[in-house]
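Here is the structure we will look at, set down as structure tokens.
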Amino acid sequence: MKLDYKINLQLTQESGQTSQPSWKLIENEYCNVCLINETPILLKVSQNSFNHLEVNYELLNENHDINEKLIHNEIAKIYDLNFDLIKFYKFLSKDKKLESTIKFCNGLRLFLTQNPFESIISSITSANNSIVRWTKSIDTISSKWGKSYNFHSGTFYTFPNPKILSNTYEDEIAESEGYNKKTIENCINNLKACGIGYRASYVKKASKIFSSKINPLDIKSMNFDEAFETLIKIPGIGPKVADCILLYGYGFTEAFPSDVWIKRIISYLYFDEEDVKVEKVRTFGMEKFKEYAGYAQLYLFHFARKSGLMNKLKPKN
DNA sequence: CGTCAGGTAAAAA
DNA sequence: TTTTTACCTGAC
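Those letters in the first sequence? Residues 771 to 1087, by the numbering used here.
Structure (structure tokens):
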């Protein structure tokens, strides 16, 4: 199936958005299992020209009511295809400092996970961590505790639900005690063994909350401020992680996730290299970019990476 | 070997 | 209230 939209698929997939790791690349196609009307489907997305996507798919059996219209809708949601990039670029062009981001980010879109809870855990594990490490961890968590589906192209895993994750062992000590006689060295069936370090306790606590007190879908129906306030009360979620979850996990495009890099970039571009507090950067970004704040953040971050600005802004020691 | 990675929570000022 | 400090861990 061919879909006509302006997008750079590879850029979007691999830009390190915290909603999820990039999909598995198999022979030029980005592949992942999704649920459409409860039916597991393997989506296989590729791109040969800039203005359209090629979408193939696999189902487990004939017993389903999936049609291409449904798949189209799902793909549009995942890559935020109904967002008007041209209009956004007009907005960027009005600001000389933002205009140059376009040529480095042309076709970059939000990459939203189907499963908000995956984004929550993904964002928590991204804190004070490297992209390579947290994405690997999320993949490991999926393969350990997610549901597995054997498609023709291979086995794929959905992300485990909050209840399952809240019932995992936090570390090898808890696992060893749980099994009573297992030696510590043999304990790999715990959160810490997925490489998330001290964030294991955050993941466990957050999972507990989302399996009992809050349904991840509740966040979607809240307004932005209410959603933000709800999220930052959860262990492991501070302002930056909350904004990432809201933007990349739920599509609240008014969020402006502010980390050290965005702080350096904004300070450099708009405050004459003055050391501006992260909290002020957040407010500044939200007020200046409004409904485009999230996209502006994504573009500024990626622009800084690709243009060499990041190297320039990196502290000497 | 130290340092660092798209911060957060807890202690200290 | 604001500012330091410790923190898993694999890669460099």
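We treat Cβ as the ideally placed atom computed from N, Cα and C, and that holds for glycine.
If contact is defined by three or more beta carbon pairs under 8 Å, each pair taking one atom from either stretch, is the segment 950 to 966 in contact with the segment 903 to 921?
Yes: at least three Cβ pairs fall under 8 Å.
Check whether the Cβ of SER991 sits closer than 7 Å to any heavy atom of the ligand NAP, and report yes or no.
Among the components modelled here there is no ligand, and therefore nothing to report on the ligand NAP.
Could you pull the start and end residues of the alpha helix (DSSP H) that SER1028 belongs to?
What you label residue 1028 is simply residue 258 of the first sequence in a count that begins at 1. For SER1028, no alpha helix (DSSP H) segment is defined, and its DSSP state is neither H nor E.
By Cβ distance below 8 Å, which residues in the same chain neighbour LEU1079 in space, the five residues on each side in sequence not counted?
Taking the first sequence and counting its residues from 1, one reaches residue 1079 at position 309. Cβ within range, chain order: ILE1035, TYR1038 and PHE1073.
The alpha helix (DSSP H) enclosing GLU824, as first and last residue numbers:
Taking the first residue of the first sequence as 1, we reach residue 824 at position 54. Run containing GLU824: none in the alpha helix (DSSP H); it sits in the beta strand (DSSP E), 822 to 829.
Tell me, please, whether the segment 849 to 863 touches the segment 775 to 788 by the rule of three or more beta-carbon pairs shorter than 8 Å.
With the cut-off at 8 Å, the segment 849 to 863 and the segment 775 to 788 touch.
Comparing C-alpha positions only, which one of GLU888, THR953, PHE926 and GLU1024 sits nearest to ILE934?
Reading the first sequence from its first residue, position 164 is the one you call residue 934. Taking only the C-alpha atoms, the option nearest ILE934 is GLU888.
Name the DSSP bridge partner or partners of ASP774?
Numbered from 1 along the first sequence, position 4 holds the residue referred to as residue 774. DSSP links ASP774 through a beta bridge to HIS822.
Just to confirm before moving on: does the CB-CB distance between LEU878 and TYR1018 stay below 8 Å?
Looking up residue 878 in the first sequence gives position 108. Looking up residue 1018 in the first sequence gives position 248. The answer is no: Cβ separation not under 8 Å.
Grouping DSSP H, G and I as helix and E and B as strand, with all else coil, what is ILE984?
Mapped onto the first sequence, residue 984 falls at position 214. ILE984: coil per DSSP, three-state reduction.
Tell whether a beta-carbon distance below 8 Å holds between LEU779 and VAL815.
Translated into the one-based positions of the first sequence, residue 779 becomes position 9. Translated into the one-based positions of the first sequence, residue 815 becomes position 45. Yes.
Which of the three DSSP states is assigned to LYS1084 in this structure?
The residue labelled residue 1084 in the question sits at position 314 within the first sequence. Coil at LYS1084, not helix or strand.
Extent of the continuous alpha helix (DSSP H) run through CYS957:
Counting from 1 along the first sequence, the entry for residue 957 is found at position 187. Premise fails: CYS957 is in no alpha helix (DSSP H) and is neither H nor E.
Using the beta-carbon count (16 or more within 10 Å), is ILE894 buried or exposed?
In the first sequence, counting from the first residue as 1, residue 894 sits at position 124. Result: buried.
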